[in-house]
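Chemist: Taken in order, these protein sequences are the chains called A and C. The numbering of the first sequence is the working numbering, which starts it at 1 and goes up by one. The numbering of the second sequence is the working numbering, which starts it at 1 and goes up by one. Don't be surprised by glycine CBs; every beta carbon is placed ideally from N, CA and C. If you're wondering where the values come from, they're calculated on a predicted model, not measured in any experiment. Before anything else, here's the structure in question.
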Amino acid sequence: MFRTLLATLATCAMATSVQAADLGAKDEPIKLAVNEWTGQHVSTYVAGAMLEAAGYDVEYVTAGYMNMYQAIADGEIHGAMEIWSSNVSEDYAKKVDAGGVVELGDLGLDAKEGIAYPAHVAEICPGLPALDALRDCAMKFATADTIPQGRLIDYPADWGTPGADRMSGFDLPFKAVPAGSEGALITELRAATEKKSPLLIVFWQPHWAMSAYDVKFVDLPVGNDECFEDPKWGSNPDATHDCDFAPSRIFKAGWSGMEEKWPAAFEILSNYTLSVEDQQPMMGAVDVDGGKVEEVVAAWMKENEANWKPIVTAAIQ
Amino acid sequence: MSAAGAAIAPLWRLSMGARAAFLTLIVGALCLMLEPVAPWLIKWPTGWVLPATDWVGAGLSWFLDAIKPFARACSAMLSYPMDWANMALNGTPWPMVIGLVTATGWYLGGLSMAALGFLGLSFVLVSGYWFQSMNTLALVAVSVPLAIIFGGILGILANEIPRVKSALQTLLDVMQTVPTFAYLTPILILFGFGPVVGLIASAIYAAPPMARNVMLGLERVEPEIKEAAIMSGGTRLQQLFQVEIPSASSQIMVGVNQCLMAALSMVIIAAVIGGFNDIGWEVLLTMRKAQFGQALLAGMVIVVFAIVIDRMSGSLAIERQRHDIRIVWAVLGIAGLFTALALLSNSLPNPDDLTLMNPVAQAVDQSLTDFTKTNGAWLDSVKNTAMFYGLLPLRIGLDNAVLPFTWGFSWTMAMSAGLFACAGLAGLLLAWRGRVTAGLMLVILMGMLETGIAELPWPFVLFGVAALGWVASGRRLALISVLLLGTILLAGLWERSLLSLYLSGAAVFACAIVGGVIGLVCAVSPLAWKAVRPVCDMLQTIPLFVFLIPVLMVFQIGEFSAFLAICAYAIVPMIRYTRHGLVETPGDMLEAAVSSGATGWQILRDIRFPYAVPSILLGLNQTILYAFAMLVIAALIGTTGLGQSIYLALGKADVGLGISAGAAMAILAMISDRMVQGFAEERRRALGL
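See below:
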């Protein structure tokens, strides 16, 4: 039954792609940004494969995550498939205001950010993942840069300072040190795991390092908007930010001229979603098993047609 | 009154240096005394800050928008040669590329250079980064001709119109000292996206060495040659292009060589903004995953390119018999035959699938892990010692750095008083023995150590810099330095500048001592130089990002890691110039010393060293510039200060902040450059060189 349905859908797809009325300028390639991390590669190649199934020509363009918005506004890149609200460049909002870039809706990845530590740290600081354990063993995390406080590795300075906000929010004796880059964060995780040394770090998932270094999150009280505005909210009556991270949005964005030039592509990319359960195994197949992104994604596309075919079909009919 | 008069009267009998130091000391002491009543002496009040970065941002944005259409047209034009170069390099089968390079090597330098080319490119092939490497080469192939033309025009202009010469010199200084990260954002806005941005950035960075060498070469053309050209009745253009430039060609070829090296290093840095799948991008991707082995492998590809290009273009600068052309054809023939056979039998391996070096990379990675595991403990204590007793006091002063957690006790006012008393006594003792300047400097340095560089009162810094500039080169430099530093104060970048000054100052100090000693050892023992030289070559050409991983693994995020990373890069010129200066003593001086029966040690101390001072100072100057350049890269491992601001501005596409912080960095670098050069000039005059 299911197979027949799929077959019908596929035939429809083939039949309608010939009309191509909604496809727009389908002879010109649609350029998708390929950023610095594997998860984004997966999200982008899945989207690209969907566009190709609709009859488009797709080109993958190497682009720096922080600096690609000018290119999108100029129409030199047409889509970016995985933008994190937690570390999006200020340039994004500027370009959206100026009208060159439009948001294409949520990607659907369920992200979590938090104060994290590699599993072995629980032996050094018993009581983790409870937050209060940190209060007593802060000195175990101290280094020459932070003494007499403990050290918390915060996000690179251009992603904001959520770690520093939490430490002052919960009034914990930790000094937040900005990491400078994602590479520095990962190197800290690697070094701490190998040396079995104490480490407290601001981190997020989905990320390949979560499993590679067995990273755990500290339990933080769930908050709401009030927590970030009203000091009285939460355990610390004198400070805001005494709660967990606000859930990070992961969304897609594209060139504002896309809707006119490639209407069907615009619709496909707007409706496209990918879940953590789908993305994570593909990331593992690439980063851990050494597969090529294109091949891993092609295999997934073949097995999960029900997941994505309807979106393509709906857009080109 | 009379007492003051009595104190001032002998003041004018002192040397210039002593007078300057004395006045600086007074200003410093006044600031320290007034600190409790006038806190604005220490911290520049935020109310006095002009929103200069915003103005710069707004002005630049307007300007950039105005010339954007023109820039976009340039960008579109440049994309053609870029595509051609890419097609030529990536479209040619790899055996042909290797054959071509080997044949060129043979033609330029015989068997040894052919071997270098062959082995080098074979390494690139088996590293698995062939396509990315060809992309990088394509970038260099387009940006270097641009830089050569641009630099050549600047050099000829400076030679032809003496009035613009000093302005052009300053322009070249600015091009070389403003950190590249700072102007990547404007280039990105102007020229759009893709490889063109990296191309333009590397052309800007690579043009100054070309211009300088053209200038130098044209200046050095013998007057007789010029006169001969004039007498034979050539027009000015004919004189220039048919006589002067050909006779300056060997210096100009040195410029081409330097230009190539600069372009190669900049192409990697420009990869930070992404836009091209080149080797710099690969280095950054591997760094992001903390894979040291892979990052080193990708970095070694650049080192190989740098060495091959350096040696080949270097031999262009030396006029020499070229080698037998028949061998060139033979090599190309063999390569062609190999390609044809492989293609016909369909067995030419795809370079992407060649990953012969991966086990090596993994082994390197593993050895880094083992090293951190076994040596972590004692390296931690090295780091703590350096932080507690060196970097921290230097940054925030003894009064804040001495705590029960660090030194085991708290710093008290009495200790400050005691320290000043001791310094004063020692200073007096020195002054009494006739070394007034040294005595005064000792007291000033103690005061700086007590307060900490990051917390120095701004009037003291301004006055001290003016005094130094006055002694080094005269009133003009003093005035310019104060004016430029004043703009940093007004722009609100002062605290960050002091932090940068502290970190690079500490690194330069360490490099000067350690590099000086290594240079000395290399000068004495040729064997040591044989071992040190390849290390120096590697440190200078490998992408700077590669250093960051191992330093972080061992020493974690923080100032000490940044300090080490800066040192690793900035120490090289100090070693090179110290050795060079000590080795190049005039022969007749040495003979005179030997015949008067001096021992080897005496010759080193009394003959070689004094003659090496100008060269050593030049090395110090380069070390300072290198340290500032590396400061921006060190922002990737979390420093504070100007470097971080520039990096932040790049992420936010904030043109105003990026350019302002970049300008502040260039100001600091240029002031220290002029001062060291002033002192070097004075020494050279004293030696009669």
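1. With 16 as the cutoff for other CB atoms within 10 Å, does R605(C) come out buried or exposed?
2. Taking the continuous beta strand (DSSP E) assigned at G79(A), which residues delimit it?
3. Can you list, in chain order, the residues of its chain with a C-beta nearer than 7 Å to that of Y129(C)? Leave out the 5 residues immediately preceding and following it.
4. Using the C-alpha atoms, what's the distance from Q677(C) back to A423(C)?
5. Does chain A have any CB closer than 7 Å to the CB of G492(C)?
6. In whole angstroms, what separates the C-alpha of V61(A) from that of W470(C)?
7. Helix, strand or coil for F174(A)? Go by DSSP, reduced to three states.
8. Along the segment 131 to 162 of chain A, what residues have a CB closer than 7 Å to any CB found in chain C?
9. Name the two residues that bound the continuous alpha helix (DSSP H) containing R151(A).
10. So what's G427(C) in DSSP terms, helix, strand or just coil?
11. Report back the beta-carbon spacing between L690(C) and V144(C) to the nearest angstrom; my notes put them in contact at under 8 Å.
12. Which partner residues does K112(A) have in the DSSP bridge list?
13. For R674(C) and P614(C), which I take to be in contact (beta-carbon distance under 8 Å), what is that distance rounded to the nearest angstrom?
14. Smallest Cα separation from A42(A): which of P231(A), R190(A) and E277(A)?
15. If we call anything under 7 Å between Cβ atoms a contact, is W262(A) one with G100(A)?
16. Who are the neighbours of E319(A) on chain C, taking C-beta pairs under 9 Å?
17. Work out the CA separation of I245(C) and I225(C) for me, nearest whole Å.
18. Which whole-angstrom value describes the C-beta separation of S497(C) and A664(C), a residue pair presumed to lie in contact below a C-beta threshold of 8 Å?
19. Considering only the alpha carbon of each residue, which of A298(A), T240(A), E260(A) and Y117(A) lies closest to H78(A)?
20. Do the segment 306 to 319 of chain C and the segment 154 to 173 of chain C make contact, defined as three or more Cβ pairs closer than 8 Å?
21. Consider the Cβ of M66(A): report whether some Cβ of chain C lies at a distance smaller than 7 Å.
22. Can you find a CB in chain A that lies within less than 7 Å of the CB of G638(C)?
23. Can you pull the chain C neighbours of K195(A), defined as C-beta to C-beta under 8 Å?
24. Relative to the alpha-carbon of Y502(C), which residue among R220(C), S232(C) and M448(C) has its alpha-carbon at the smallest distance?
25. Comparing the CB of A157(A) with every heavy atom of the ligand COA, is any distance shorter than 6 Å?
26. Rounded to a whole number of angstroms, what is the C-alpha to C-alpha distance between Q540(C) and C522(C)?
27. So the candidates are V272(C), R288(C) and M96(C); which of them puts its Cα closest to the Cα of G333(C)?
28. Nearest CA to the CA of F276(C): which residue from M50(A), Y56(A), A184(A) and G64(A)?
29. Could you spell out where the alpha helix (DSSP H) holding A203(C) opens and where it closes?
30. Check the Cβ of T62(A) against every Cβ in chain C and list those closer than 7 Å, keeping chain order.
31. Run through the DSSP bridge pairs and tell me what K31(A) is partnered with.
32. If we define contact as Cβ-Cβ less than 7 Å, is G180(A) a contact residue for chain C?
33. I want to verify the contact list: residues of chain C whose CB lies under 7 Å from the CB of T187(A), in sequence order.
34. So if DSSP puts Y129(C) in a beta bridge, which residue, or which two residues, is it bridged to?
35. Quick one: what's got a C-beta closer than 8 Å to M16(C)'s C-beta in the same chain, skipping five residues either side?
36. Hey, how far is the Cα of I694(C) from the Cα of M113(C)?
Modeler: Result, derived from the coordinates:
1. By one-based count along the second sequence, residue 605(C) stands at place 605. So R605(C) counts as exposed.
2. Numbered from 1 along the first sequence, position 79 holds the residue referred to as residue 79(A). G79 to W84 is the extent of the beta strand (DSSP E) around G79(A).
3. Residue mapping note: residue 129(C) aligns to position 129 of the second sequence, counting from 1. Closer than 7 Å at the Cβ level, and outside the excluded window around Y129(C), lie I279, E282, A298 and V301.
4. For the purposes of this step, residue 423(C) is taken as residue 423 along the second sequence, with counting starting at 1. For the purposes of this step, residue 677(C) is taken as residue 677 along the second sequence, with counting starting at 1. Taking the straight line joining both Cα atoms gives about 30 Å.
5. In the second sequence, counting from the first residue as 1, residue 492(C) sits at position 492. G492(C) does not count as touching chain A.
6. Here residue 61(A) refers to the residue found at position 61 when the first sequence is read from its first residue. Here residue 470(C) refers to the residue found at position 470 when the second sequence is read from its first residue. So the two alpha carbons sit approximately 54 Å from each other.
7. Numbered from 1 along the first sequence, position 174 holds the residue referred to as residue 174(A). Per DSSP, reduced to three states, the secondary structure at F174(A) is strand.
8. Listed by position, the residues of the segment 131 to 162 of chain A near chain C (Cβ gap below 7 Å) are T143, A144, D145, I147, P148, I153, A157 and D158.
9. In the first sequence, the residue the question calls residue 151(A) occupies position 151. Per DSSP, R151(A) belongs to no alpha helix (DSSP H); it is in the beta strand (DSSP E), G150 to D154.
10. As a position in the second sequence, residue 427(C) is number 427, starting the count at 1. Residue state, collapsed to three classes: helix.
11. With chain C covering 1 to 689 only, the question about residue 690(C) has no answer from this structure.
12. What you label residue 112(A) is simply residue 112 of the first sequence in a count that begins at 1. Looking at the DSSP output, K112(A) bridges to Q205(A).
13. Locating residue 674(C) in the second sequence gives position 674, where the first residue counts as 1. Locating residue 614(C) in the second sequence gives position 614, where the first residue counts as 1. Contact flag wrong, Cβ pair sits at about 15 Å.
14. Mapped onto the first sequence, residue 42(A) falls at position 42. According to the sequence shown, residue 42(A) is Val rather than Ala. Checked all of P231(A), R190(A) and E277(A); the closest Cα to V42(A) is E277(A).
15. Within the first sequence, numbered from 1, the residue matching residue 262(A) stands at position 262. Within the first sequence, numbered from 1, the residue matching residue 100(A) stands at position 100. One thing to note: W262(A) has its Cβ no nearer than 7 Å to the Cβ of G100(A).
16. Because residue 319(A) is not part of the residues shown, which for chain A are 1 to 317, the question remains open.
17. Here the question's residue 225(C) lines up with position 225 in the second sequence. Here the question's residue 245(C) lines up with position 245 in the second sequence. If you draw a straight line from the Cα of I225(C) to the Cα of I245(C), it is about 11 Å long.
18. Locating residue 497(C) in the second sequence gives position 497, where the first residue counts as 1. Locating residue 664(C) in the second sequence gives position 664, where the first residue counts as 1. Rounded, the Cβ-Cβ distance is 5 Å, consistent with contact.
19. The residue you call residue 78(A) lines up with position 78 of the first sequence. For the residues A298(A), T240(A), E260(A) and Y117(A), the minimum Cα distance to H78(A) belongs to E260(A).
20. With a cut-off of 8 Å on Cβ pairs, the segment 306 to 319 of chain C is not in contact with the segment 154 to 173 of chain C, counting fewer than three such pairs.
21. Indexing the first sequence from 1 puts residue 66(A) at position 66. Yes, M66(A) lies at the interface with chain C (some Cβ there is under 7 Å from its Cβ).
22. Your numbering for residue 638(C) matches position 638 in the second sequence. Cβ-Cβ to chain A under 7 Å: yes for G638(C).
23. Mapped onto the first sequence, residue 195(A) falls at position 195. The answer, in chain order, is T372, K373 and G376.
24. Here residue 502(C) refers to the residue found at position 502 when the second sequence is read from its first residue. Its Cα nearest to that of Y502(C), the residue M448(C) stands out among R220(C), S232(C) and M448(C).
25. As presented, the structure is devoid of all ligands, the ligand COA included, so that no description of it is given.
26. Position 540 of the second sequence, counted from the first residue, corresponds to residue 540(C). Position 522 of the second sequence, counted from the first residue, corresponds to residue 522(C). Looking at the two C-alpha atoms, the distance is approximately 18 Å.
27. As a working mapping, residue 333(C) is identified with position 333 in the second sequence. Measuring from the Cα of G333(C), the nearest candidate turns out to be M96(C).
28. As a first step, residue 276(C) is located in the second sequence; it is residue number 276 there, counting from the start. Of the candidates M50(A), Y56(A), A184(A) and G64(A), the one whose C-alpha sits nearest the C-alpha of F276(C) is G64(A).
29. Numbered from 1 along the second sequence, position 203 holds the residue referred to as residue 203(C). Per DSSP, A203(C) belongs to the alpha helix (DSSP H) from P195 to E219.
30. Translated into the one-based positions of the first sequence, residue 62(A) becomes position 62. Ordered by position in chain C, the residues that pass the 7 Å Cβ test against T62(A) are G274, G275, F276, N277 and W281.
31. To locate residue 31(A), count along the first sequence from 1; it is residue 31. Per DSSP, E59(A).
32. For this step, residue 180(A) is matched to residue 180 along the first sequence. Under the Cβ distance rule, G180(A) counts among the residues neighbouring chain C, one pair being separated by less than 7 Å.
33. To locate residue 187(A), count along the first sequence from 1; it is residue 187. When 7 Å is used as the limit between beta carbons, T187(A) is near these residues of chain C: A290, I549, L552 and M553, in chain order.
34. Counting from one through the second sequence, the residue named residue 129(C) turns up at place 129. Looking at the DSSP output, Y129(C) shares a beta bridge with no other residue.
35. To locate residue 16(C), count along the second sequence from 1; it is residue 16. Excluding sequence neighbours, M16(C) sits near W470 and V471.
36. No answer is possible for residue 694(C): it lies beyond the span of chain C, which begins at 1 and ends at 689.
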